[in-house]
Amino acid sequence: MTEHIANQFYADSSITMVLYDELENSKEIRKCVMDGSVEASLLKPILILDKFQVIVAATRAIHNQRHKRMTTKTIHSEILFCLSPSKNISDSYRKFGLGDEDKCMLVVIVDDQDNSKLNAIQALIKGRQLPLSDLQAKADPSAIKTIYKIHDEELEVCPLLDAVVTRISSKETVTL
Amino acid sequence: MAENEKHKLKLIKQGAEAKLYRGDFYERPCIVKERFSKSYRHSALDRSLTAQRIKAEVRALFRCRLQGIIVPTVYFVDLDSSCIYMEDITDSCTVRDYIVQIQKENGDSAISQLKPLATKIGGIVGKMHANSILHGDLTTSNMLLRGSPLDLNIVMIDFGLSYFDSLAEDKGVDLYVLERALLSTHPNTEELFSTMMEAYKQANKKGAAEVISKLEEVRMRGRKRTMVG
Ligand SMILES: Nc1ncnc2c1ncn2[C@@H]1O[C@H](COP(=O)(O)OP(=O)(O)OP(=O)(O)O)[C@@H](O)[C@H]1O
Ligand SMILES: [Mg+2]
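Chains as they are written, first to last, in this note's numbering: chain F, 265 to 440; chain W, 88 to 316.
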């Protein structure tokens, strides 16, 4: 159920994703990420249409890290920032980051070759793990359209996922 | 691109300013367009010009999408190695190859068969111009037909020379490039260009008259130049 994806560009880098619902302790998990005791990006699944969306953002984030050009302080916050269409960091957190009351969460971890980061966060999580293929069912297309400012003209010629992906990959080049 | 990437990609086109590769971006088939500067000096200026063209291409792809014009999805932009990773429009052929094939197979009836295609192209260019998107290199190789050509799913590509402005003069030049490219690649296609212009007028209602009069001026200048030269 845990998915490890090799980074396309760096042989020593990988992306790990795990989906949860029936979460009982979002607040506690979030606190541990904020104080640095566990490393991960905690995302709201309603805004994630497909793992490919996360892959595109994480690839961008790792590229920024390796070229010493991150906008945020850590690689896991950089993923969240890259995922968001906003250029404002706290706004990106508010929209895409896990909320204290959320019951559903997507955990994203990069460069976790020995699973130590994953083990650390899993020891903390009180919730039920779901297969990643459940992402589709958890996503809210209309919320996604609103956040990414996607209109119907565009959706006549491309799937929603492609509209989202183009915005993530073009974020640094295009001002929305 | 990273060195460990290169061996997984297959070079499909070596141009004067860009190399094209075919490969995968994670689970999806992709095209990698790598730009390089023409000059041998790899100065900071060259690098910044290359970056400007990549950005122009990404921006134009995005603006077209917003207007409902089909273009490849962009997966990754690497300004450090001057690459755009984009969707590979699989199951497609260039408009150029399609017109060549229809003309070869159908002789005299080719033009009437190609009219719906010309109408579609004129409409797309008109929509781009109405939204101040100038392509810069409107040739029949820079338009793909996805799936069955009869469905007229045209995908616009190659925006490396594109820019945004609203001057009728520049739009006239954009159309002139299209006309020259069409007539020089495909014999006896004057009528197809007229069909394109009819559709152009429909799609760019406000601006078309002025743009087409500029096109006529540019044509005159072009003719004078060839007469002198
Ligand atoms: N996204 C794509 N999907 C499928 N085929 C493509 C794609 N992009 C390019 N091609 C193929 O490669 C050819 C060349 O691509 P393109 O026009 O982008 O490069 P170019 O002409 O060398 O660029 P430029 O004129 O900007 O220097 C196209 O005519 C088309 O056949
Ligand atoms: Mg071309």
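In this text, a Cβ means the ideal position worked out from N, Cα and C, and glycines have one as well.
Since the model is a prediction, treat every value here as computed from it, not as a measurement.
The distance from the Cβ of GLN393/F to that of VAL282/F is about 6 Å, consistent with a contact at the 8 Å cut-off. The residues LYS106 and LEU107, in chain order, have a CB closer than 8 Å to that of LYS100/W in the same chain once the five nearest residues on each side in sequence are set aside.
Residues of chain W with a Cβ closer than 7 Å to the Cβ of ASP426/F are, in chain order, THR160.
Going by DSSP, PRO405/F is part of no beta strand (DSSP E) but of the alpha helix (DSSP H) stretching over 405 to 411.
The three-state reading of DSSP puts ALA275/F in coil, since its state is none of H, G, I, E or B. Ligand 2 has no heavy atom closer than 7 Å to the beta-carbon of ASP404/F. Between VAL298/W and ALA268/W, the C-beta spacing is not below 8 Å. Per DSSP, the continuous beta strand (DSSP E) segment holding ARG109/W begins and ends at 105 to 112. Between PHE345/F and chain W, the shortest Cβ-Cβ separation is not below 8 Å.
Across the region 128 to 140 of chain W, no CB contact with chain F closer than 9 Å is found for any residue. The continuous beta strand (DSSP E) containing CYS117/W extends over residues 115 to 122.
Checking the DSSP bridge columns, you'll see VAL212/W has no partner listed.
The beta carbons of LEU248/W and GLY213/W sit no closer together than 8 Å. Within the region 357 to 427 of chain F, the runs of beta strand (DSSP E) at least 3 residues long that lie entirely inside it are, in chain order, 369 to 374 and 392 to 394.
Rounded to whole angstroms, SER305/F and ILE118/W show a C-alpha spacing of 30 Å. Counting along the chain, the unbroken beta strand (DSSP E) around ILE241/W starts and ends at 240 to 243. Note that the C-beta distance between ASP426/F and THR160/W is below 8 Å.
Rounded to whole angstroms, the Cβ separation of ILE269/F and ALA407/F is 25 Å, and the two are not in contact under 8 Å.
Non-local beta-carbon contacts of LYS288/W in its own chain, meaning distances under 6 Å to residues more than five positions away in sequence, involve ALA295 in chain order. Under the rule that a run must span 3 or more residues, the beta strand (DSSP E) segments found entirely inside the region 161 to 213 of chain W read 161 to 165, 170 to 174 and 179 to 181.
Annotation: Cβ neighbours of GLN154/W in chain F (cutoff 7 Å, chain order): GLU417.
Within chain F, the residues whose beta carbon sits less than 8 Å from that of ILE157/W are VAL421 and CYS422, listed in sequence order. Here MET215/W is near CYS151/W, since their CB atoms are less than 8 Å apart.
Boundaries for MET334/F: no alpha helix (DSSP H) harbours it, and the DSSP string shows neither H nor E there. Within chain F, the residues whose beta carbon sits less than 7 Å from that of ASP167/W are HIS331, listed in sequence order. Under the three-state reduction of DSSP output, MET298/F falls in the helix class. Straight-line spacing of the CA atoms in LYS435/F and LYS315/F works out to 19 Å.
Around ligand 2, the residues selected by a Cβ distance under 6 Å to any of its heavy atoms are SER228/W, ASN229/W and ASP245/W, following chain order.
In this structure, ASP175/W has its CB closer than 7 Å to one or more heavy atoms of ligand 1. Note on geometry: alpha-carbon atoms of PRO423/F and SER290/F lie some 32 Å from one another. Exclusion of the five residues before and after LYS97/W leaves TYR108, ARG109 and GLY110 as the residues of its chain whose Cβ lies within less than 8 Å of its Cβ. At least one heavy atom of ligand 1 falls within 7 Å of the beta-carbon of THR181/W. GLN154/W: not part of any beta strand (DSSP E); DSSP gives it neither H nor E. Taking a C-beta distance under 8 Å as the contact criterion, PHE246/W and GLU144/W qualify as a contact pair. The closest CA to that of TYR263/W, considering only ASP178/W, MET284/W, PHE149/W and ASP238/W, is found on MET284/W. ARG308/W and GLU266/W have their C-alpha atoms spaced approximately 14 Å apart.
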